[in-house]
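Residue numbers (the working numbering): 28 to 496. Glycine included, C-beta positions come from ideal geometry on N, C-alpha and C. Here is the structure we will look at.
Structure, rendered in structure tokens:
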């Protein structure tokens, strides 16, 4: 289980790990310790006691109060799950903890390689749980685990139940009987994907006819697709079935749910997800979802297109966090591209006052996304450009201010020069009057005065130059 920016923010905000809508009633914790602390001395004996063993391989809890609080919440969820599972009659299911630091040797022997993950040991299979660590979600997942990998369809009622499943990948095959070697190959393949992918089979020619199946033929249904894909090359070996499923296990449209949220989030194309938020119970959400389904059905052969549908009603506590992180309003449908690592995103522009986008409009937008014409990283670059433009505007304003200051200084200097020139003219006029009245000796004095005046003028000019500098 990998904490991600899209989910991690809620951990401390709400102090719990159950973010999904409750699917079953979980009783209050009765205080009894049922979860085992596994170590090198006891893990073999403990695991032998149970038909199914649930092991939470967790990070070492140090002195951090935050880490301690988180682990207490996780341990309580496991205790509640163990309390509910204790009442099962058919299967004994145990729950244990394994510390990555102190029990590394045990983890290695059990083949556990991803910390903060839940592993389920049943018979010879090890199943990794990629959902939220909440008691109700984990218990419901374990109920699916202990069911048979292949569900048999015998009648019309069970056939109707098969058709009602549209949110999951499902396969159905027609075989001669349970002893058929071709059925055994199919059953072995089912165990490889159980319980993540649903396998069905029928031995009834009547049911097979209504499904359009030939003997030993298997149909593969994508989520939300009415028409199946016939797996080529019947009859099949287990290996051939496994290879086909692995090549087609990323549907064009799939729904994120509490039990698969981390599995889906980690399975991103080029580090990005196309996310569609829509409330199925809301008229606008239902209308938009039908448009998305039609787009997915029209483009089911495009291996590069994968849309993740999230119903906000399934994750009520995450809605405020998603709205803040993505800067969107989830009271109305939304579709956008999200970076898995940093949660950067860009969203289709849907005005609340306008009608829903048409299938063609949405397909055109998705085509631009797949061609990288629409990309969250490009949106970041635009924001950076806006910041640069703001900086340039500030620089221009500063330059204008500097120019204004320089102009003011020049005007002041010109005024000072004009005043000095007027003073010099007045002095010259006075000197001329004195020349007319005085004798030649006075002329000598006037010459001296003129020299003094010139010196004074030079000093004034020097002072003015200093001011200009």
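Burial is judged here by how many other beta carbons sit within 10 angstroms of a residue's own beta carbon; residue 313 has fewer than 16 and is exposed. Each residue's CA atom was taken as its position, placing residue 129 and residue 55 some 31 Å apart. Counting along the chain, the unbroken alpha helix (DSSP H) around residue 188 starts and ends at 183-191. Take the alpha-carbon of residue 366 and the one of residue 282: they are about 18 Å apart.
Spanning the alpha carbons of residue 236 and residue 186 requires a straight line of approximately 12 Å. A buried status is given to residue 279, since no fewer than 16 other beta-carbon atoms sit within 10 Å of its beta-carbon. Contact between residue 304 and residue 337 is confirmed by a C-beta separation of about 5 Å, below the 8 Å threshold. Rounded to whole angstroms, the separation of the alpha carbons of residue 68 and residue 345 is 41 Å. A Cβ-Cβ contact shorter than 7 Å links residue 180 with residue 234. For residue 270 against residue 327, the beta-carbon gap comes to about 20 Å, at or over 8 Å, which does not count as contact. For residue 80, there is no enclosing alpha helix (DSSP H); the enclosing beta strand (DSSP E) covers residues 79-85.
Judged by DSSP in its simplified three-state form, residue 323 adopts helix. The shortest CA-to-CA distance from residue 242 to any of 201, 125, 170 is the one to 201.
Beta-carbon to beta-carbon, residue 169 and residue 123 are separated by about 14 Å, too far to satisfy the 8 Å threshold.
For the set 53, 75, 274, 299, the Cα lying nearest the Cα of residue 161 is the one of 53.
Within the DSSP secondary-structure output, residue 372 pairs in a beta bridge with 365. For residue 252, the CB contacts under 7 Å within the same chain, skipping 5 residues up- and downstream, are 324, 327 in chain order. In the DSSP assignment, residue 209 falls within the unbroken alpha helix (DSSP H) covering 208-220. A distance below 7 Å separates the beta carbons of residue 222 and residue 172. Assigned with DSSP and collapsed to three states, residue 281 falls in strand. DSSP, reduced to helix, strand and coil, places residue 73 within a helical segment of the structure shown.
Between the segment 357-376 and the segment 388-398 there are three or more inter-stretch CB-CB distances shorter than 8 Å, so the stretches are counted as touching. A Cβ-Cβ distance of about 5 Å is found for the pair residue 105 and residue 62, placing them in contact under the 8 Å criterion. Residue 227 places its beta carbon 7 Å or farther from that of residue 256. Residue 238 and residue 258 have their C-alpha atoms spaced approximately 14 Å apart. When the beta-carbon positions are compared, residue 145 and residue 79 stay at least 7 Å from each other. Between residue 164 and residue 289, the C-beta gap is not smaller than 7 Å, which leaves the two residues out of contact. Nearest to residue 298 by C-alpha distance, out of 357, 350, 369, 273, is 369.
Residue burial annotation: residue 85 is buried, with at least 16 other C-beta atoms found within 10 angstroms of its C-beta.
Only residues of its own chain outside the window of five on either side were considered, and among them 225, 248 have a CB closer than 6 Å to the CB of residue 197, listed in chain order. Of the candidates 231, 100, 320, 310, 310 places its Cα closest to the Cα of residue 359. Per DSSP, reduced to three states, the secondary structure at residue 53 is coil, with no helix or strand assignment. The Cβ atoms of residue 364 and residue 291 lie no closer than 7 Å to each other. When only Cα atoms are considered, residue 174 and residue 103 end up about 26 Å apart.
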